[in-house]
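Okay, structure first, notes after.
Residue numbers (this note's numbering): 6 to 106.
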């Protein structure tokens, strides 16, 4: 019987620790969701809104994504989901993409 009382105490203590850990994790996630300006999607939009635009290589360097992922983000999320129109031009530094206003 002495062993079962000890194990019950440990379980109760572990549940309290888990509950505290879960609550602190929720607070961290809430804080992250408020600061969405630092997402990779926001980084791409910021680069595309700049007057000089951005090349695929510049966007890849800023986000750490591969080139095909950036093209997929532009066509799938930015154009289709968000309804942004993206213009591209050939310039000296290569193919330049901008958000058309």
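Idealized CB from N, CA, C, for every residue including glycine.
If you reduce the DSSP assignment to three classes, tell me which class residue 111 lands in.
Only positions 6 to 106 of the chain appear in this structure, which leaves residue 111 out of reach.
Excluding the five sequence neighbours on either side, which residues of its own chain have a C-beta within less than 6 Å of the C-beta of residue 58, listed in chain order?
Position 53 of the chain shown, counting from 1, holds the residue named residue 58. Excluding positions up to five away in sequence, the list reads 101, 102, 103.
Grab the span of the beta strand (DSSP E) containing residue 93 for me, first residue to last.
Sequence index remark: in the chain shown, residue 93 carries index 88 (1-based). Start and end: 91-96.
Beta-carbon within less than 8 Å of residue 60's beta-carbon, same chain only, minus the 5 sequence neighbours each way: which residues are those?
Sequence index remark: in the chain shown, residue 60 carries index 55 (1-based). 98, 99, 100, 101, 102, listed in sequence order.
Write down the C-beta distance between residue 51 and residue 68 rounded to the nearest angstrom, noting that I regard them as a contact closer than 8 Å.
Walking along the chain shown from the start, residue 51 turns up at place 46. Walking along the chain shown from the start, residue 68 turns up at place 63. With 8 Å as the limit, residue 51 and residue 68 do not qualify as a contact, their Cβ atoms being about 11 Å apart.
Tell me the rounded alpha-carbon separation between residue 72 and residue 62.
On the chain shown, position 67 is the one that residue 72 refers to. On the chain shown, position 57 is the one that residue 62 refers to. Taking the straight line joining both Cα atoms gives about 7 Å.
Which residues in the same chain have their Cβ closer than 7 Å to the Cβ of residue 105, if we skip the five residues on either side of it in sequence?
For this step, residue 105 is matched to residue 100 along the chain shown. Cβ neighbours of residue 105 beyond the five flanking positions: 90, 91, 92.
For my contact list, residue 64 and residue 49 are in at a C-beta cut-off of 8 Å; report their separation, rounded to the angstrom.
Residue mapping note: residue 64 aligns to position 59 of the chain shown, counting from 1. Residue mapping note: residue 49 aligns to position 44 of the chain shown, counting from 1. About 6 Å separates the two Cβ atoms, so the contact holds.
Sorted by chain position, which residues of the same chain lie with C-beta nearer than 8 Å to residue 84's C-beta, five sequence neighbours on each side aside?
As a first step, residue 84 must be located in the chain shown, where it is residue number 79. Correct list, in chain order: 90, 91.
Would you decide whether residue 96 is buried or exposed? Buried here means 16 or more other CB atoms lie within 10 Å of its CB.
The sequence position of residue 96 within the chain shown is 91, counting from 1. It counts as exposed.
Report the rounded CA-to-CA distance for residue 74 versus residue 43, giving the unit in angstroms.
Taking the chain shown and counting its residues from 1, the one referred to as residue 74 is at position 69. Taking the chain shown and counting its residues from 1, the one referred to as residue 43 is at position 38. Using only the alpha carbons, I get a separation of about 18 Å.
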